[in-house]
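J.: Below is one structure. I have some questions about it.
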Amino acid sequence: MDVTPRSSRLWLVRHAAPLVAPGTCYGALDVPADAEATRIAAERLAIALPTRAPVFCSTLQRCEQLALAIQALRPDLASNPDTRLREMDFGAWEGRAWNAIAHSDVDAWVAAFATHAPGGGENLASVLQRVSSALQAARQWSTDHGAADVVWITHAGVARCVAWLEHHGPGAMPRSEDWPVAAPAWGDWEIRDLA
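Position 48, counted from 1, in the sequence shown is what my numbering calls 763; the numbers after and before it change by one each time, with no gaps.
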């Protein structure tokens with residue numbers, strides 16, 4: 716019998732589809748998610764998620780909705796709010812159509828992708844720093860509590876940060892052309908090694 720302990724896993728769960736017009740910039744904009752899509756995602760996750768896994772959730776309502784819907788089906792999966800799991804803040808761009816944002820403003824962000832704060836909001840280096848901090852805390856939680864699985868209910872941008880950090884480490888600053896585009900679909904998830 717193999718008694719080798721399995722490595723800890725991070726479940727990166729993305730909120731259900733938000734109630735926002737297509738093409739709208741809505742990073743830190745606190746928009747709700749579609750209730751029916753949230754219900755469907757919660758039902759799938761209630762079956763898939765491991766027993767008594769610690770659940771941490773972005774404090775934006777589209778993530779809180781999913782966390783509460785899962786908890787209603789699985790009381791062992793109570794969530795803990797974590798502001799580090801929030802989506803990137805696009806400042807004055809929030810709530811605007813992407814095609815209404817000046818090309819020169821987008822170009823300035825792309826040229827200094829990690830350090831420019833789009834819309835005067837948050838720069839990517841800051842987002843990477845807070846996601847890295849959350850990852851360190853998740854690893855520590857896993858070690859301290861013997862948790863084989865940790866669940867984050869979060870956003871596409873945070874999932875992309877985790878992918879970047881996994882491949883490049885916390886000190887590397889991305890260029891726009893190197894940034895990962897893959898992320899879980901709305902209401903879906905991916906599982907990554909937490910080690």
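Using N, Cα and C, we set each Cβ at its ideal position, and we do this for glycine too.
Which class does T869 belong to by DSSP, given the choice of helix, strand or coil?
T.: In the sequence shown, the residue the question calls residue 869 occupies position 154. The answer is strand: DSSP assigns T869 an E or B state.
J.: Leaving out the 5 sequence neighbours to the left and right, which residues in its chain are closer than 7 Å to V825 when beta-carbon positions are compared?
T.: One-based indexing of the sequence shown puts residue 825 at position 110. Contacts found: S891.
J.: Contact between the segment 840–852 and the segment 748–760: three or more CB pairs below 8 Å?
T.: Segments in contact, no.
J.: Would you kindly report the start and end of the unbroken alpha helix (DSSP H) that includes W856?
T.: Position 141 of the sequence shown, counting from 1, holds the residue named residue 856. Per DSSP, W856 belongs to the alpha helix (DSSP H) from 839–860.
J.: With distances taken from CA atoms, which of R854, P733, G806 is nearest E779?
T.: The residue you call residue 779 lines up with position 64 of the sequence shown. The shortest C-alpha separation from E779 is found at P733.
J.: Along the chain, where does the beta strand (DSSP E) that runs through V728 open and close?
T.: Here the question's residue 728 lines up with position 13 in the sequence shown. Residues 724–729.
J.: So what's E905 in DSSP terms, helix, strand or just coil?
T.: Taking the sequence shown and counting its residues from 1, one reaches residue 905 at position 190. Strand, per DSSP.
J.: Looking at the strands, I want to know which residues DSSP matches up with N814.
T.: As a working mapping, residue 814 is identified with position 99 in the sequence shown. Bridge partners of N814: none, in fact.
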